[in-house]
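In my numbering, the protein residues as written are 13 to 194.
Report on the structure given below.
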Amino acid sequence: MGSVKDYFSSLGAGVASLLKGMQVTGKEFITPKITERYPEDRETVKVPERFRAILTLKYDEDGRHKCIACGICQRNCPNGTITVTTKMVDMPDGKKKRKLDKYVYDLGSCTFCQLCVTTCPQDALDFSNDFEQAVFTREKLVKQLNYLPEKEEPAPAPKPAAVAAVAETPAVDAKQENKKEN
Ligand code: SF4
Ligand code: SF4
C-alpha cells in the first residue's frame, strides 16, 4: 500500500516540477527579446558611443597617427596586452629619429580598463565601439594597430638665420659692384 502512495507522490512531484519548468519557459517565450532582429539590423543597430569594444590608434585626415612610441601605454597596461616595438629612421634633415615600428594589441587579454588611453601623452589612443570582434582562433585576436603605411615626414623648414643670409646675399653683391664702378 505504501509503495502505491509513494508512486503517486513522486508522480505528483514530477508533474509539479514539469509545470514549474514550463512556467519559466513560457515566461521567457513572451518576454521581448533585445536582440530579436540581430544580425538583420546590423547596419542600423545603435551601440553606445562609449562602449569599449577594441583599442585603436587615432589617425588624422592625412593618415598619420600620433603615437611617438614612448611605451607609456605598454608599461601602464596591467596585463601585458600591448607590445610596442620601435625602429630608427632617417629624417629629411639628415638626423635619425626613433619611430613606431609595430603596435601590437591582444584583444583576448584586454580588460578594457582604459589605462592606456588615459595615460597616453599624445592622445593617440581610443576605444572603438565596433562590437563585432568574434573570431574562431585566439591568434586572430592579436592585432597590429598601426596598419596604415607610414607617411613621409614633411621637409624641415629652413632656419630663420639661413633665410636671412640668403635674402642678404644680392644686397652684398650690389654693394660690391657699386664699389667697383666707383
Ligand atoms: S600610444 Fe601613446 S603612450 Fe602608447 S607608445 Fe604611443 S604615444 Fe606612447
Ligand atoms: S584597456 Fe587596460 S588592459 Fe586593455 S590594453 Fe589598455 S591598459 Fe591594457
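All C-beta atoms in this analysis are idealised placements derived from N, C-alpha and C, irrespective of residue type, glycine included.
A quick note: this is a predicted structure, and the numbers were derived from the prediction, not measured.
Taking a 10 Å sphere around the C-beta of residue 157, we find 16 or more other C-beta atoms and assign the residue as buried. Taking C-alpha positions only, residue 31 is separated from residue 16 by approximately 23 Å.
The straight-line gap separating the alpha-carbon atoms of residue 79 and residue 52 is approximately 37 Å. Set against 6 Å, the gap from the CB of residue 120 to the closest heavy atom of ligand 1 is not smaller. Per the C-alpha coordinates, the member of 144, 140, 113 positioned closest to residue 126 is 140. The DSSP-derived three-state label of residue 94 is strand. Between residue 95 and residue 43, the alpha-carbon positions lie close to 45 Å from each other. At least one heavy atom of ligand 1 lies less than 6 Å from the C-beta of residue 96. Look at the beta carbons and you see the stretch 96 to 116 touching the stretch 148 to 164: at least three pairs across the two are nearer than 8 Å. Residue ranges of uninterrupted alpha helix (DSSP H) with 4 or more members, entirely inside the stretch 56 to 127 and ordered along the chain, are 84 to 88. Here the alpha carbon of residue 25 sits roughly 17 Å from the alpha carbon of residue 36. Ranking 144, 150, 153 by CA distance to the CA of residue 57 puts 144 first.
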